[in-house]
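Trainee: Here you go, one structure.
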Amino acid sequence: MATPIKLPILTPPSSIERVEAWTVSQAADALSTVSISSPTPSRIIRGPSVKLDIPLDSSVSDDEPSRPKSEAVHTVHKRTQPVRRDSLKRREALLKGKEGSRQRRRWENDRLVGNPHAQPPLPEDWEVRPTYPRHTVPYFLAPLWDAEYARLNAQRSAKKAKANAPANKEEEAAAQVKRELRAKLKRSRGAKALLQDLEVEVRGFVEQWEGKQRQLEAEGVIEADSEDEEIVFVGRNGAMSDERRMEREHEGLERDKVVFESLVHDHGASFGRFLVHAIAQYYDLATWSVTTRDAPPRRQAYVGVKTDPVTRRPSFPRSEMPRPLWTVQEDFFVQGPSCQYVVLSTIRIPSQPLYIIIHTFNIRALDTATANMCQLCAIKTVSDGARWPNCVLEYKKDLDSVIPMAHDEYSKMLENEDKSLRNKPNESLIAMVADIVENIQKMEADEKTWWLSDKKKQERQFMARTGDDEKLTRQHVVHAMTIEMIEEMKLKVGGFVKWCMGFGNSEDLLEAATATRAAKAEAREKADEEERARMTEKERQEKEAAMEEQKRLIEKIRKEKQERLVESARVAEQARLEKQAAQDERARLDAQAQADDDETEDDETAKPTRMSSVAALWDIAKDRKARMDSEIKAKEKARRAERIAKNKADEQAKIDADKAKAEEKIRAFEQAKSDRRAKEEAADANRASSSGGLAGLWEAAKANKNKADQERKQKDQLEAQEKQWLAEKAKTEKKEKKRLRSKADMKALQESVSSLSVKQKEDDAKKDEESVSKDEESVKQEEPSQKNGESANRDEEVD
C-alpha cells in the first residue's frame, strides 16, 4: 500500500504584504526609467517636456533594485475580485449576454462581428438627409420636368372640376353669382335690404314675361316646342303672317326696365349696379348701364330679356323661378337693442327680423339667422328707408349725424372698466339721445303742419276736381308712410331709453337733458361774466387806439374832400378859359369871313356871273360852319355836365371808401376780440369734452360750425366790398381817361375847324380865280365866233 504524499499548505498573503509589494515594484519601475548624464548644450526643446531635479550630493547606492516578488495565487479559487454592486464591465456583460445565447448573436450581428467585409462609417454617413427619394435634375432639363408635373396637375384639376361641374351653364352661372354675392355680403351686411329690393323688381319683370309667354301659348299664338327653323308665310297683299304674331307677343310689355338709377358722380352707387348685373346673370337676363344727358346727368342700370337669334322671341331657358338670392346666406345672427348678439331658435330672413329686447354677449351658434336689432341703428335704417317730405329733410340730416355718435358713446359706456358705470348713462349720451327725441318730435309736428296747410289742402282739392287720382294717391301714400316711419322711430327710441338707459320714458329723458343744459348754460354765463370782469388794460388801450385811428381817418377824409373841391374849381376855371378862347377864335373867324364878304361885294358889279356862284359856295360853307358850331356847343355842354357828375360821383365814392375803411378797421377789431373769445370758448368746450365725452364734442362742433359760418360770411362781405371798390376805382379811372381824351379831341377839333376854315377860304379863292379865268377864256372864244357869224350874215345879205 502506497503512502500518501503530503502537500504543503500555502497561506495567502495578507493585505499589508500585498500593498507593500505593490509599492516597492512601482518605485523600482519608476527609477529604472531615469538616467543621469552630463548636461548638454542648451537648445530649443519643442513640444512638451518634464523637468527633473535630482540631488547629486546624495550617496549612490550600488545595490541593484530588488525585483517584485510574485504574488501567490490559489490554483483553484484564483484571485478574489473586489465586490462591486455596479460597473461598466458588468453592464457590457449584461448587454452582450452569455456566449451562444440569442442576445449574444444579435449583439454580434448588429456590430458585424466576424464579417470580413465590414467597414466603419464615414463622416458623410452621419449627415442629415431626406427620407424620400430626391431627384437631382440638371438646369437645362428643368423646364421639361416642370412641364410634365404641370400636365399631371392640370389633368387632376380637370378631373376634379369635371366631377364637381354643374349640370348646365345656367346652373354654373347661378352658382358663381351665389359665391360672389356671399363674399360681397359678408363685408357689407347692410346691403341685404338693397339686394332684396332690386331682386323683387327683377323677379316681377321676369314673372310678367313668363306670364305673357304662357298666355300666348294658351292662345296658340306661339308653340310651346317650336323648331329652330321657322316658316314664314307671305299673303297676297305682301303682309307676313308673323308680323301680327310679333305685335301680339310684345303688346303691353317692354323688353327692358330701369332697375337702379343714381347720379354719375355717386361713387357708392357702383355697388348697386354690381348687384343689378349679378341678379341679371342669376336670372339669365341681359343687363347694361346708360348715362343720360339730363341736368344733372344720371347713370341707369337696365335689365332686359334675351332674344333668340333664330326665333326672334324672348328666351327663358329656366322652367321655374330659382330661389331668391337674398335667402342664400342663412347663417346669421340677431342683435339686441344695444348691438349685442342673440341666438334665434328659428331661421328668419334678414328682411323679417324678430324684434326682441334682451341683453346677452356674443353668443354664437350654427344654422341661425342674422338681423340688425340695435334700436339706434334701426332708427337710422328707418330714416333711410323711404322718401321723406321736404319739410322734414333737415331733421333727417341731423338724425343721420347724431345717431352714430350716440351709438359709439353707448358702446364706450358698456366697455367701461368700472362695472358700476356700465349701466349709468353719462351727460353726453343723455344729450345726444335727447337730440334724437327732439328731432323726431319736430319731424312729427312739421309733417302735420305741412299736411294740414292751406296750400296742400288746395292742391288736394284741385286734384280731386280735375280727376288726377294718381298724384292724389301718391300724396296720401307719402303722408301715411311718413306717419308710420315716425311712429316706428318713436317706438325704437322709447325702447332704447327704457331698456338701455334706465329712464321711464322719453319725457323723463328730456327733463334730465333740459336740466343738464340749463346747468351748462348757467356755468357758461358765469364764465362769460368772469371773462368780461377780467378785461385787461391792453384791450382798453387797443380800443382807444382804434378810436384815435378812426378820428385820424375822418380828418384825412375831410382834407381830401377839401382838396377835391379846390381841384374841381380849378378844372372849372380852366374849362371857362378854354371856352373863352374858343369864343374869341370863333369871333375872329367871323370877322375874317365878314371882311371876305365885303371884298366880294366890291367885285359884284364887274363879275355878276362869277359872284353868284361864289355866293352860293359861301352860303354852303356858312351852313356847314353853323352846323359844326352847334355840334361843338352840344358836345361841350354834354362834356361839362358829365364832368360835373363825374366829380360828384368821385367825391362820394372816396367818402364812402374812406368810411368803409374806417368801419372795416373797427369791425376787424371787434372780430379779433370775438375770435379771441371764441377760442377761449372752444378751449373750455374741449376741456368739457375731455370730461364730458361726446356731448362736449357735439357742442364744440356746433360752435365751430357757427364760427366757420360767421367767418365765411365776413369773408364774403369783405370780398364783395373789395370788388365794389375795385369796380368803382376802374370806373373812375375810365371816366378820367375819357375826360382827358374828350379834351384832347375838343382841342384837335378846334384846330381842325380853324385849319378847315382857312383851307376852305383858300380853296374858294382858287375856285373864284379859276372861274374868272374860265369866263374870260369863254368870252374870248365867243368873240371870233360872233364876228364870223356877223360876216356870214353880211354875205347872205349881199347875195
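Residue numbers for the sequence shown follow my numbering, so the first one is 15 and each next one is one higher. Cβ atoms here follow ideal geometry from the backbone N, Cα and C, with glycine treated the same way.
Measure the C-alpha to C-alpha separation of Leu-443 and Thr-463 and round it to an integer number of angstroms.
Mentor: Within the sequence shown, residue 443 is the residue found at index 429, counting from 1. Within the sequence shown, residue 463 is the residue found at index 449, counting from 1. Those two C-alpha atoms are separated by around 30 Å.
Trainee: I'd like to know if the segment 670-689 and the segment 557-576 are in contact, where contact means that at least 3 CB-CB pairs between them fall below 8 Å.
Mentor: yes
Trainee: Based on the DSSP output, what are the partners of Glu-522 in its beta bridges?
Mentor: Residue numbering aside, residue 522 sits at position 508 when the sequence shown is read from its first letter. Checking the displayed sequence, the identity of residue 522 turns out to be Asp instead of Glu. None, per the DSSP bridge assignment.
Trainee: Helix, strand or coil, according to DSSP, for Thr-305 in the structure here?
Mentor: Working through the sequence shown from its first residue, we reach residue 305 at position 291. The answer is strand: DSSP assigns Thr-305 an E or B state.
Trainee: Provide the residue span of the alpha helix (DSSP H) that contains Ala-420, from first to last.
Mentor: Residue numbering aside, residue 420 sits at position 406 when the sequence shown is read from its first letter. Unbroken alpha helix (DSSP H) run through Ala-420: 407-428.
Trainee: Could you tell me whether the segment 441-458 touches the segment 412-430, using the rule of 3 or more Cβ pairs below 8 Å?
Mentor: The segment 441-458 is in contact with the segment 412-430.
Trainee: What is the DSSP secondary structure of Glu-275, counted as helix, strand or coil?
Mentor: By one-based count along the sequence shown, residue 275 stands at place 261. Of the three classes helix, strand and coil, the one that applies to Glu-275 here is strand, per DSSP.
Trainee: Can you list, in chain order, the residues of its chain with a C-beta nearer than 6 Å to that of Glu-461? Leave out the 5 residues immediately preceding and following it.
Mentor: Walking along the sequence shown from the start, residue 461 turns up at place 447. Closer than 6 Å at the Cβ level, and outside the excluded window around Glu-461, lie Val-406 and Thr-496.
Trainee: With distances taken Cα to Cα, identify the nearest neighbour of Glu-334 among Trp-223, Gln-133 and Glu-684.
Mentor: The residue given as residue 334 occupies position 320 in the sequence shown. Ranking Trp-223, Gln-133 and Glu-684 by Cα distance to Glu-334 puts Trp-223 first.
Trainee: According to DSSP, which residues form a beta bridge with Gln-314?
Mentor: Taking the sequence shown and counting its residues from 1, one reaches residue 314 at position 300. For Gln-314, which the question treats as bridged, DSSP gives the partners Glu-275 and Val-304.
Trainee: Given that a residue counts as buried once 16 or more other Cβ atoms are within 10 Å of its Cβ, and exposed if not, what is Ala-294?
Mentor: Within the sequence shown, the letter at position 280 stands for residue 294. Burial call: buried.
Trainee: By alpha-carbon positions, which one of Glu-521, Arg-307 and Gln-169 ends up nearest to Val-278?
Mentor: As a position in the sequence shown, residue 278 is number 264, starting the count at 1. That would be Arg-307, whose Cα lies nearest to the Cα of Val-278.
Trainee: Under 9 Å between the Cβ atoms of Lys-649 and Ile-571?
Mentor: For this step, residue 649 is matched to residue 635 along the sequence shown. For this step, residue 571 is matched to residue 557 along the sequence shown. Result no, Cβ atoms of Lys-649 and Ile-571 do not sit closer than 9 Å.
Trainee: Taking only three categories from DSSP, how would you classify Asp-611?
Mentor: Working through the sequence shown from its first residue, we reach residue 611 at position 597. In the structure shown, Asp-611 falls within a helical segment according to DSSP collapsed to helix, strand and coil.
Trainee: How about Trp-121 and Lys-103: do their beta carbons lie closer than 9 Å?
Mentor: Residue numbering aside, residue 121 sits at position 107 when the sequence shown is read from its first letter. Residue numbering aside, residue 103 sits at position 89 when the sequence shown is read from its first letter. Result no, Cβ atoms of Trp-121 and Lys-103 do not sit closer than 9 Å.
Trainee: Please report the distance separating the alpha-carbon of Val-511 from that of Glu-558.
Mentor: Locating residue 511 in the sequence shown gives position 497, where the first residue counts as 1. Locating residue 558 in the sequence shown gives position 544, where the first residue counts as 1. C-alpha separation (whole angstroms): 55 Å.
Trainee: What does the alpha-carbon distance come out to for the pair Lys-781 and Asp-633?
Mentor: By one-based count along the sequence shown, residue 781 stands at place 767. By one-based count along the sequence shown, residue 633 stands at place 619. The C-alpha of Asp-633 is placed about 15 Å away from the C-alpha of Lys-781.
Trainee: Excluding sequence positions up to five away, which residues of its chain have a Cβ less than 6 Å from the Cβ of Met-760?
Mentor: For the purposes of this step, residue 760 is identified with residue 746 of the sequence shown, where counting begins at 1. Closer than 6 Å at the Cβ level, and outside the excluded window around Met-760, lies no residue.
Trainee: Looking at the unbroken alpha helix (DSSP H) that takes in Ala-132, where does it start and where does it end?
Mentor: Mapped onto the sequence shown, residue 132 falls at position 118. No alpha helix (DSSP H) contains Ala-132, which DSSP labels as neither H nor E.
Trainee: On the criterion of 16 or more Cβ atoms from any shown chain inside 10 Å, does Phe-517 qualify as buried, or is it exposed?
Mentor: Locating residue 517 in the sequence shown gives position 503, counting from the first residue. That one is buried.
Trainee: What residue does the alpha helix (DSSP H) around Glu-268 start on, and which one ends it?
Mentor: Reading the sequence shown from its first residue, position 254 is the one you call residue 268. Note, Glu-268: premise wrong, no alpha helix (DSSP H); not H, not E.
Trainee: Which term fits Gln-389, buried or exposed, when burial requires 16 or more other beta carbons within 10 angstroms of its beta carbon?
Mentor: Locating residue 389 in the sequence shown gives position 375, counting from the first residue. Buried is the call here.
Trainee: Should the segment 206-221 be called in touch with the segment 269-287, which here means at least 3 C-beta pairs below 8 Å?
Mentor: yes
Trainee: Rounded to whole angstroms, what is the Cα-Cα separation between Ala-383 and Leu-195?
Mentor: For this step, residue 383 is matched to residue 369 along the sequence shown. For this step, residue 195 is matched to residue 181 along the sequence shown. Annotation note: pLDDT 34 at Ala-383 (below 50); position unreliable, coordinate value reported separately. Roughly 17 Å separates the two Cα atoms.
Trainee: Give the straight-line distance between the Cα atoms of Pro-135 and Val-127, rounded to the nearest whole angstrom.
Mentor: Here residue 135 is taken as the residue at index 121 of the sequence shown, counted from 1. Here residue 127 is taken as the residue at index 113 of the sequence shown, counted from 1. C-alpha separation (whole angstroms): 15 Å.
Trainee: Whole angstroms is fine: what's the gap from Arg-548's alpha carbon to Asp-542's?
Mentor: Mapped onto the sequence shown, residue 548 falls at position 534. Mapped onto the sequence shown, residue 542 falls at position 528. Using only the alpha carbons, I get a separation of about 10 Å.
Trainee: Mind checking Asn-167: buried by the 16 CB within 10 Å criterion, or exposed?
Mentor: Your numbering for residue 167 matches position 153 in the sequence shown. That one is exposed.
Trainee: Cα separation between Asp-12 and Glu-185?
Mentor: The question about residue 12 has no answer, for the chain in this structure spans 15 to 813.
Trainee: Could you tell me which of Ala-445, Met-642 and Gln-724 sits nearest to Arg-531, measuring between CA atoms?
Mentor: In the sequence shown, counting from the first residue as 1, residue 531 sits at position 517. Answer by Cα proximity: Ala-445.
Trainee: How about Lys-660 and Glu-750: do their beta carbons lie closer than 9 Å?
Mentor: In the sequence shown, residue 660 corresponds to position 646, counting from 1. In the sequence shown, residue 750 corresponds to position 736, counting from 1. Less than 9 Å separates the beta-carbon of Lys-660 from that of Glu-750.
Trainee: Please report the straight-line C-alpha distance between Lys-438 and Ser-425, rounded to a whole angstrom.
Mentor: Looking up residue 438 in the sequence shown gives position 424. Looking up residue 425 in the sequence shown gives position 411. Between Lys-438 and Ser-425, the C-alpha separation is close to 12 Å.
Trainee: Lys-103 lies in the alpha helix (DSSP H); which residues open and close that run?
Mentor: Here residue 103 corresponds to residue number 89 of the sequence shown, with the count starting at 1. Here the alpha helix (DSSP H) through Lys-103 covers 102-110.
Trainee: Starting from the Cα of Gln-314, find the closest Cα among Leu-339, Phe-285, Asp-522 and Trp-340 and give me that residue.
Mentor: The count along the sequence shown starts at 1 and reaches residue 314 at position 300. It is Phe-285.
Trainee: Identify, in the order they occur along the chain, each residue of the same chain with its Cβ nearer than 7 Å to the Cβ of Glu-458, setting aside the five sequence neighbours on each side.
Mentor: Looking up residue 458 in the sequence shown gives position 444. Ile-500.
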